[in-house]
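Participant: My questions all concern the structure below.
Protein chains: 2
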Amino acid sequence: MDRRDFLKKMSAAAAGAVVAGGLELNASERRRRGGSDKPGAGSGLELPEGSIILFTGDSITDGARERKYYRLYNHIRALGNGYVQLTATRLNYMFPDRDLKIYNTGINGDTIEKMMARLETDCIKLKPDFVSVLIGVNDFNVSFSRTGKGNPDKYEREYRQMLDRIKSALPDVRFIIGEPYAVKGAREITDAWYPEFETYPAIARKMAEEFGAAFIPYQSVYAEAAAGAPERYFSTDGVHPSIAGVRLMSNAWLSYVNPR
Amino acid sequence: MDRRDFLKKMSAAAAGAVVAGGLELNASERRRRGGSDKPGAGSGLELPEGSIILFTGDSITDGARERKYYRLYNHIRALGNGYVQLTATRLNYMFPDRDLKIYNTGINGDTIEKMMARLETDCIKLKPDFVSVLIGVNDFNVSFSRTGKGNPDKYEREYRQMLDRIKSALPDVRFIIGEPYAVKGAREITDAWYPEFETYPAIARKMAEEFGAAFIPYQSVYAEAAAGAPERYFSTDGVHPSIAGVRLMSNAWLSYVNPR
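Chains as they are written, first to last, in my numbering: chain A, 33 to 292; chain B, 33 to 292.
Here it is in structure tokens:
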């Protein structure tokens, strides 16, 4: 299979994976736009004027944001230096007429359990219209480092509970769910992680289906990108993105969410 | 003049302003690519394998980079959260096969005088192949706040001296010069700045001509963008970019440099 065929196959697989739920994403349209800044005429996630968009999760989302600018939307120091900041800069640049308000409440090291403890202040009180979540690698790793295996049942139960709590407080909220990922070959990502780690991405995908969410398949996005680049080019430690990796993730977010 | 004509006119003006010096930039090609991630087939600035690219200047370049990651190239915490980080993520993403090494040594509040004092450690010792400079608004403001007027002669003399010093230490270095800009209407940018402030952008442009540098006309880039957006959308205080502004600047950099 050459690279072009591989890309096609990935694209088709990704299209199948995305739950419509009003998003009506179209794979070829997404690929055509490829994370472009130009608002497309095609289908995608409509962001009405004044939309409040919250990104939340663990260190990957946190992106070293400055805590003292706590809860300021669109603030350059509040968004970190990761895929959230890149995506926020692009959304603001793309839609100057929309008055979008973008927050980041990711915290390094977080699991769903930790996110739940701050759900009221760091999510519900912000009254987001869209909640983009990326969580799971610490959930696996906390369990794995204690017991030598994951605890996918806990992850699934808590993930559903968290989304239910948000949904019952904010009935019109729309979710965007990122696939937890790990890049094999890096120091911390040993063979002992597999196959059990793979249950976590599958659960995140299941949550996207249950809650009619857009789904960003970061695992396959990283795998596809790695094929044409030096080792660890997109992630230095297998979990945290490099500078090329944050761009990769932001492109994927825009590509799969396809905001319009 | 409608917006389309305005854009065309801006584009043509910008094309004329860019000094070739081997860059052979083409305006329509630049606009077509519009800061896209896809390496273009057209002309532009070739980045050979292993190129070392240094961004330096004042707070706009600094972008709140973390000083403790001092002099690590391509490090996500060393590049800040401004146009440099955005541009670095995109260059790394665009050219996974090039082994590009990107540094940021911008420091908030800097003037050319201050940059000169750290030129050896923060520029020459890094042996950059490309030096992208954006400096001047503090040079104006330091003089203006003391004397009520600028000191363009000092700016021009020191700018030329700085570029000469870099060039004599690194004969093959290529410069990329950003136009110092200020967005009228913000609190700090009063009418008293004009017309004298405008001599500063003109001097930066002259330096680009003298040193065969690519020139990024940020002043007109901001002016053009402002036409279609709410007030202060791209710069909150007239000098520092908003999150939409960093995207605007990164797009302009990639568009005018047109790396290939």
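C-beta: ideal position from N, C-alpha, C; glycine also.
Residues in the region 124-155 of chain B with C-beta within 7 Å of chain A's C-beta atoms, listed in sequence order?
Facilitator: Asn124, Tyr125 and Pro128
Participant: Lys159/B and Leu202/B - do their beta-carbons sit closer together than 8 Å?
Facilitator: yes
Participant: Given that Val278/A touches chain B, what residues does it touch there, using C-beta distances under 8 Å?
Facilitator: Ile108 and Thr121
Participant: Return the first residue and the last residue of the alpha helix (DSSP H) that Thr121/B is part of.
Facilitator: Tyr115 to Met126
Participant: Whole angstroms is fine: what's the gap from Ala257/A's alpha carbon to Asp204/A's?
Facilitator: Going by the C-alpha atoms only, they are around 35 Å apart.
Participant: Nearest by alpha-carbon distance to Ser274/B: which of Arg109/A, Arg97/A, Asn140/A and Glu81/A is it?
Facilitator: Arg109/A
Participant: State the DSSP-derived secondary structure class of Gly66/B, mapped to helix, strand or coil.
Facilitator: Bear in mind that the predicted position of Gly66/B carries a pLDDT of just 38, short of 50, making it too unreliable to give a figure here.
Participant: Should Ile92/B be flagged as near chain A, meaning a C-beta pair shorter than 8 Å?
Facilitator: no
Participant: Evaluate Gln117/B with the Cβ neighbour count: other Cβ atoms within 10 Å of its Cβ, from every protein chain shown; 16 or more gives buried, anything less gives exposed.
Facilitator: buried
Participant: Do Tyr115/B and Met281/B count as a contact pair if the criterion is CB distance below 8 Å?
Facilitator: yes
Participant: By the criterion of Cβ-Cβ separation under 8 Å, what are the contact partners of Leu286/B in chain A?
Facilitator: Near Leu286/B there are no residues of chain A at all, since even the closest Cβ is about 11 Å away, more than 8 Å.
Participant: Contact criterion: CB-CB distance below 8 Å. Does Ile85/A meet it with respect to chain B?
Facilitator: no
Participant: Starting from Gly277/A and walking both ways along the alpha helix (DSSP H), at which residues does that stretch end?
Facilitator: Ile275 to Val289
Participant: Within its chain, find whatever has a CB closer than 7 Å to the CB of Glu228/B; leave out the 5 residues flanking it on each side and keep chain order.
Facilitator: Lys181 and Gly182
Participant: Taking 8 Å as the cut-off, does the region 210-226 of chain A touch the region 131-139 of chain A (at least 3 CB pairs, one atom from each stretch)?
Facilitator: Segments in contact, no.
Participant: How would you label Glu263/A, buried or exposed, when you count the other beta carbons within 10 angstroms and need 16 or more for buried?
Facilitator: exposed
Participant: Kindly list the residues whose CB is nearer than 7 Å to the CB of Met194/A, restricted to its own chain and excluding five residues on each side of it in sequence; keep chain order.
Facilitator: Ile144, Met147, Met148 and Leu151
Participant: For the region 218-235 of chain B, which residues have a CB atom closer than 8 Å to at least one CB atom of chain A, in sequence order?
Facilitator: none
Participant: Mind listing the chain B neighbours of Pro262/A? Cutoff is C-beta to C-beta under 9 Å, in chain order.
Facilitator: Pro128, Asp129 and Asp131
Participant: Helix or strand or just coil, what does DSSP make of Tyr232/B?
Facilitator: helix
Participant: Is Ala255/A close to chain B? Criterion is C-beta to C-beta, closer than 8 Å.
Facilitator: no
Participant: Among Gly210/B, Asn290/B, Thr231/B and Thr268/B, which has the Cα closest to the Cα of Val253/B?
Facilitator: When Gly210/B, Asn290/B, Thr231/B and Thr268/B are compared, the shortest CA-CA separation from Val253/B is found for Gly210/B.
Participant: With Arg122/A and Arg279/B assumed to form a contact (beta carbons below 8 Å), what rounded beta-carbon distance in angstroms separates them?
Facilitator: 6 Å
Participant: Classify Ser200/B as helix, strand or coil using the three-state DSSP reduction.
Facilitator: helix
Participant: So, at 6 Å on beta carbons, what are the nonlocal neighbours of Asn106/B in its own chain, with the 5 sequence-adjacent residues on each side left out?
Facilitator: Ile134
Participant: Checking contacts by CB at 8 Å: is Ala246/B closer than that to chain A?
Facilitator: no
Participant: Name the two residues that bound the continuous alpha helix (DSSP H) containing Thr143/A.
Facilitator: Neither: Thr143/A is in no alpha helix (DSSP H) and is coded neither H nor E.
Participant: Where does Leu151/B fall in DSSP's three states?
Facilitator: helix
Participant: How many Å lie between Ile235/A and Lys157/B at the Cα?
Facilitator: Rounded to the nearest angstrom, the two C-alpha atoms are 50 Å apart.
Participant: Excluding five sequence neighbours on each side, which residues of the same chain lie with their C-beta closer than 7 Å to the C-beta of Glu98/A?
Facilitator: Hits under 7 Å: Arg109 and Ala110.
Participant: Quick check: what's the CA-CA separation for Arg192/A versus Asp161/A?
Facilitator: 18 Å
Participant: Please tell me whether Ala49/A has its Cβ less than 8 Å away from any Cβ of chain B.
Facilitator: In this prediction, Ala49/A scores a pLDDT of 36, lower than 50, which makes its location untrustworthy; the coordinate-derived value is nonetheless stated afterwards. Chain B contact via Cβ: absent.
Participant: Cβ closer than 7 Å: which chain A residues qualify as neighbours of Tyr265/B?
Facilitator: Within 7 Å Cβ-Cβ: Pro128.
Participant: By the criterion of Cβ-Cβ separation under 7 Å, what are the contact partners of Leu104/B in chain A?
Facilitator: By Cβ distance, chain A contributes nothing, its closest Cβ being about 11 Å from Leu104/B, past 7 Å.
Participant: Expressed to the nearest angstrom, what Euclidean distance is found between the alpha-carbon atoms of Ser177/B and Ala224/B?
Facilitator: 11 Å
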